[in-house]
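S.K.: Counting with mature numbering (1 follows the signal peptide of the UniProt record, and there is no 0), you get residues -5 to -1, 1 to 302 for the letters of the sequence shown.
We put the CB at the ideal spot given by N, CA and C, even for glycine.
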Amino acid sequence: CGALAACGSGGSASGDDDAITMGFSQVGAESGWRTANTKSIREAAKAAGIELKFSDAQQKQENQIKAIRSFIQQRVDVIAFSPVVETGWDNVLLEAKRANIPVILTDRAIDSDDESLYETFLGSDFVEEGRKAGEWLVEDSKGEGTVNVVELQGTTGSAPALDRQEGFQEAISGSDIKIIASQTGDFTRSGGKQVMEAFLKSHSDIDVVYAHNDDMGLGAIEAIEAAGKKPGEDIKIITVDAVKDGMQALADGKINFIVECNPLLGDQLMDLVQKVVAGEQVPKRVVVEETTFTQEEAKKVLPERQY
Ligand code: GZL
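#1: Compute the Euclidean distance between the alpha carbons of isoleucine 233 and leucine 132, then round it to the nearest angstrom.
#2: Rounded to whole angstroms, what's the CA-CA distance from histidine 198 to phenylalanine 76? Just pull it up for me.
#3: Alpha carbon to alpha carbon, what distance is there between aspartate 12 and leucine 117?
#4: Could you check what DSSP says for phenylalanine 163 in three-state terms: helix, strand or coil?
#5: If the criterion is Cβ atoms closer than 8 Å, does the pair phenylalanine 182 and serine 26 meet it?
#6: To the nearest angstrom, how far is the alpha carbon of alanine 293 from that of aspartate 108?
#7: State yes or no: is the C-beta of glutamate 81 within less than 8 Å of the C-beta of alanine 104?
#8: Tell me whether asparagine 251 sits in a helix, a strand or coil according to DSSP, three-state version.
#9: Taking just the CA atoms, how far does glutamate 114 sit from valine 98?
#10: Using the beta-carbon count (16 or more within 10 Å), is residue 303 buried or exposed?
#11: Kindly examine ligand 1 and report whether one of its heavy atoms sits closer than 7 Å to the Cβ of asparagine 208.
#12: Could you check what DSSP says for phenylalanine 19 in three-state terms: helix, strand or coil?
#13: Once you ignore the five residues that flank aspartate 240 on each side, which residues in its own chain have a CB closer than 7 Å to its CB?
#14: What residues match up with asparagine 143 in a beta bridge as DSSP calls it?
#15: Tell me, please, which residues DSSP counts as bridged to alanine 206.
#16: From leucine 88 to serine 170, what does the alpha carbon distance come to, in whole angstroms?
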């Protein structure tokens, strides 16, 4: 469905009038992670008998705001969304609050002083993800002297980009690891490739790529190989997400370490939706469980990965 269309899907076969109607505004379809996240939400809504009105914002905040206003006009029972960026939400969420429609944040957080604008935030701890990436590199580069890192950042102003940068910088502070360049690749494979091509042209001393998601890391692999270098060897690569294509590159030795960011939020989200609509208390913050993978670990778990 387009950015403004809100399409019905799921819901009980009987068309039960008591079924919860949920409006969901998704960031877009920019990465393998997002595809897996959308699939998880759609399947969980269907399984829970929740009527899902789904909108794809194509990574534009104004489309998310329009979709949320559309859900308010349709008088849905609950609104959930993954905010593409952290700021600029207070007005539209105040409109939902005044319409007595509860809001749930999923995947990404907002930066607002008014915590009454949403019931709960279900998602990963992105600062911890950045820390895990940095801690692995500190361990891996012990005794190597100065290590030069180029950083492929996620969408400018988004919670994962801001927090993964913060966590990584915290972990490497005091070490010989230096970030010599940072630029957004907007979480896409093409963005990661274009930025990495530019980095390779302007820096001859790149030791490591820290990409805020697998897709940009996979784009960087294409650029590194086109420059006649070996990804994973001449230039090491650390990414976040652990989607199938990233895990395959990790198993193949082209990526060196992946921090998992679990996109399978659907079931937990629907559980929170049912509790919120029933007026039950829910925690203000629900953190998603996730781990990390080395090349050896990727080879073992690849066959059983769900996304
Ligand atoms: C993280 C999510 C990020 C993923 C990217 O929870 O918001 O957005 O890491 C996706 O792959 O584009």
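M.R.: This is what the structure gives:
#1: Answer to the nearest angstrom: the Cα atoms are 8 Å apart.
#2: 39 Å
#3: 27 Å
#4: Helix at phenylalanine 163.
#5: yes
#6: 41 Å
#7: yes
#8: coil
#9: Each residue's alpha carbon lies about 6 Å from the other.
#10: Only positions -5 to 302 of the chain appear in this structure, which leaves residue 303 out of reach.
#11: yes
#12: strand
#13: Gly27, Asp209, Leu213
#14: Per the DSSP secondary-structure output, asparagine 143 pairs in a beta bridge with Lys173.
#15: As a beta-bridge residue in DSSP terms, alanine 206 pairs with Leu147.
#16: Inter-residue distance for leucine 88 and serine 170 is about 42 Å (C-alpha atoms, whole angstroms).
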